[in-house]
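Peer 1: Just add 39 to wherever you are in the sequence shown, counting from 1, and you've got my numbering.
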Amino acid sequence: MALFAPLSPLNARRLANFRANKRGAWSLKIFLVLFVVSLVSELIANDRPILIVYKGEVLSPLVADYPEEKFGGFLPQTQYRDPVIRDEIEANGFMIWPPIRYSYNTPNNEIPEPAPAKPSWMYSKEKRCERYEKGVADPGCTIGNWNWLGTDDQARDVAARLLYGFRISVLFGLVLAIVSSVVGVAAGAVQGYFGGWLDLAFQRFMEIWSSLPHLYLLLIVSSMFVPSFWILLGILLMFSWVSLVGVVRAEFLRARNFEYVRAAKALGVGNLRIMWRHLLPNAMVATLTFMPFILNGSITTLTSLDFLGFGLPPGSPSLGELLAQGKNNLQAPWLGLTGFFLISLMLSLLIFVGEAVRDAFDPRKTFA
40 MALFAPLSPL NARRLANFRA NKRGAWSLKI FLVLFVVSLV SELIANDRPI LIVYKGEVLS
100 PLVADYPEEK FGGFLPQTQY RDPVIRDEIE ANGFMIWPPI RYSYNTPNNE IPEPAPAKPS
160 WMYSKEKRCE RYEKGVADPG CTIGNWNWLG TDDQARDVAA RLLYGFRISV LFGLVLAIVS
220 SVVGVAAGAV QGYFGGWLDL AFQRFMEIWS SLPHLYLLLI VSSMFVPSFW ILLGILLMFS
280 WVSLVGVVRA EFLRARNFEY VRAAKALGVG NLRIMWRHLL PNAMVATLTF MPFILNGSIT
340 TLTSLDFLGF GLPPGSPSLG ELLAQGKNNL QAPWLGLTGF FLISLMLSLL IFVGEAVRDA
400 FDPRKTFA
């Protein structure tokens with residue numbers, strides 16, 4: 040038995056149209072690669088080794104916390120970047136480090152100038168190692184400890200914060216886009232299918248709700264609660280669900296008088312079943328077409344709030360906070376430029392994917 044059912048001719052044509060749009064297809068591939076890489080950020084940028092072999096024992100600091108006394112120290116938590124601990128472990132085994140030996144909140148205390156410090160490759164080896172006596176092992180002189188994109192104003196590695204910030208932005212945007220789409224599709228379906236006074240009352244509510252100053256309300260609510268991922272998600276969900284209501288409502292209003300819908304009602308089929316089985320697939324075309332753009336807007340909203348200081352908690356890896364640091368530290372152009380290029384790349388890829396999806400669902404487009 041086949042693992043996957045064959046595509047219908049309609050879906051096969053849509054898939055062919057999507058693949059025919061080379062820019063959109065390659066944008067989706069690049070975006071997925073970046074997203075998958077960000078999902079394993081702990082294996083790429085971390086201040087803990089991936090694996091330790093110490094006195095014949097295999098340890099995984101990414102999974103478990105080990106006290107420093109296990110390696111001859113006395114602190115309750117091990118600082119693996121400490122030269123004493125590092126020398127002790129390497130004398131009795133070895134460590135496997137990630138490519139970037141900094142997490143998003145790890146300060147680099149060995150930078151040769153006050154933070155924000157420029158990228159390490161812009162310094163000479165002598166400059167990177169000037170704080171250490173000759174012959175002393177210096178973690179800042181090895182490539183794994185370089186700050187490839189420099190440090191921010193708190194001496195944290197910019198490359199690590201970009202990696203973790205990309206993951207938070209995409210996950211936040213995905214959750215917000217999916218949940219708001221579900222709420223918006225449900226609201227639009229109820230309005231369009233039942234119509235009458237329910238549709239009229241809901242339309243008046245939508246007009247009032249859409250006219251509220253969203254930014255001011257976001258600032259007020261954010262000042263009342265300690266911002267977190269889920270609190271911020273709930274606040275933004277209060278206003279983001281309205282984007283799909285009009286499209287879905289129009290589709291249900293148009294299709295509810297079709298002959299097959301009337302026939303289903305005459306046969307005694309329930310309203311929920313008719314909405315789910317017969318009308319929703321038509322509305323999902325518009326929903327899927329708008330999804331990449333909704334995701335784009337969700338990421339932009341989070342970045343804007345972080346830039347203004349009303350987003351994620353302080354210290355969180357945030358692309359908007361990196362842009363704010365670039366604005367406040369014009370003498371460190373790597374802060375603003377790295378944040379700008381990553382956000383521009385991410386949003387551009389999503390726009391190209393959205394255009395390809397739109398063309399794929401366009402009945403006038405044919406694959407040649």
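The C-beta atom is built at its ideal place from N, Cα and C for all residues, glycine as well. All of these numbers come straight from a predicted model, not from anything done at the bench.
(1) Would you mind reading off the limits of the alpha helix (DSSP H) that contains Leu-361?
(2) Out of curiosity, what's the CA-to-CA distance linking Thr-377 and Thr-190?
(3) Which of helix, strand or coil does DSSP assign to Leu-46?
(4) Opposite Glu-96 in the DSSP bridges: which residues?
(5) When the distance is taken between beta carbons, is Pro-137 closer than 9 Å to Asn-85?
(6) Inspect the beta-carbon positions of Pro-158 and Leu-114 and report whether they are closer than 9 Å.
(7) Provide the residue span of the alpha helix (DSSP H) that contains Gly-63, from first to last.
(8) With H, G and I counted as helix, E and B as strand and the rest as coil, what does DSSP make of Thr-190?
(9) Which complete alpha helix (DSSP H) runs does the region 289-314 hold, if anything under 4 residues is left out?
(10) Of the residues Val-76, Arg-200, Met-323, Asp-121, which one's Cα is nearest the Cα of Leu-358?
(11) Give the range of the alpha helix (DSSP H) segment to which Ile-128 is assigned.
(12) Beta-carbon within less than 6 Å of Tyr-93's beta-carbon, same chain only, minus the 5 sequence neighbours each way: which residues are those?
(13) Buried or exposed for Tyr-255, please, with buried defined as at least 16 other CB atoms from any protein chain shown within 10 angstroms of its CB.
(14) Report buried or exposed for Pro-106, applying the criterion of at least 16 other Cβ atoms within 10 angstroms of its Cβ.
(15) Residues in the same chain with beta-carbon distance under 8 Å from Gln-116, minus the five sequence neighbours each way, listed in chain order, please.
(16) In terms of alpha-carbon separation, which member of Ala-294, Pro-320, Phe-278 lies closest to Glu-246?
(17) Out of Leu-49, Ala-55, Phe-74, point me to the one whose CA is closest to Leu-389's CA.
Peer 2: The answer reads as follows:
(1) Locating residue 361 in the sequence shown gives position 322, counting from the first residue. Residues 358-367.
(2) Mapped onto the sequence shown, residue 377 falls at position 338. Mapped onto the sequence shown, residue 190 falls at position 151. If you take the alpha carbons of Thr-377 and Thr-190, they lie about 11 Å apart.
(3) Looking up residue 46 in the sequence shown gives position 7. Three-state result, Leu-46: coil.
(4) Within the sequence shown, numbered from 1, the residue matching residue 96 stands at position 57. According to DSSP, which records beta bridges pairwise, Glu-96 is partnered with Tyr-93.
(5) On the sequence shown, position 46 is the one that residue 85 refers to. On the sequence shown, position 98 is the one that residue 137 refers to. Cβ distance < 9 Å, so Asn-85 and Pro-137 count as in contact.
(6) Position 119 of the sequence shown, counting from 1, holds the residue named residue 158. Position 75 of the sequence shown, counting from 1, holds the residue named residue 114. Not closer than 9 Å, so no.
(7) Counting from one through the sequence shown, the residue named residue 63 turns up at place 24. Element bounds for Gly-63: 61-78.
(8) Locating residue 190 in the sequence shown gives position 151, counting from the first residue. If DSSP states are grouped into helix, strand and coil, Thr-190 belongs with the strands.
(9) Positions of the alpha helix (DSSP H) runs, each at least 4 residues long and wholly inside the region 289-314, are given as 298-305, 310-313 in order along the chain.
(10) In the sequence shown, the residue the question calls residue 358 occupies position 319. Nearest option by C-alpha distance: Arg-200.
(11) Locating residue 128 in the sequence shown gives position 89, where the first residue counts as 1. 122-130 is the span of the alpha helix (DSSP H), which, as asked, contains Ile-128.
(12) Residue mapping note: residue 93 aligns to position 54 of the sequence shown, counting from 1. Same-chain partners within the cutoff: Ile-128, Asn-131, Gly-132.
(13) Residue mapping note: residue 255 aligns to position 216 of the sequence shown, counting from 1. Tyr-255 comes out exposed.
(14) In the sequence shown, residue 106 corresponds to position 67, counting from 1. That one is exposed.
(15) As a working note, residue 116 is residue 77 in the sequence shown. Only Asp-104, Pro-106, Glu-107 meet the Cβ criterion.
(16) Here residue 246 corresponds to residue number 207 of the sequence shown, with the count starting at 1. For the residues Ala-294, Pro-320, Phe-278, the minimum Cα distance to Glu-246 belongs to Phe-278.
(17) As a position in the sequence shown, residue 389 is number 350, starting the count at 1. Measuring from the Cα of Leu-389, the nearest candidate turns out to be Phe-74.
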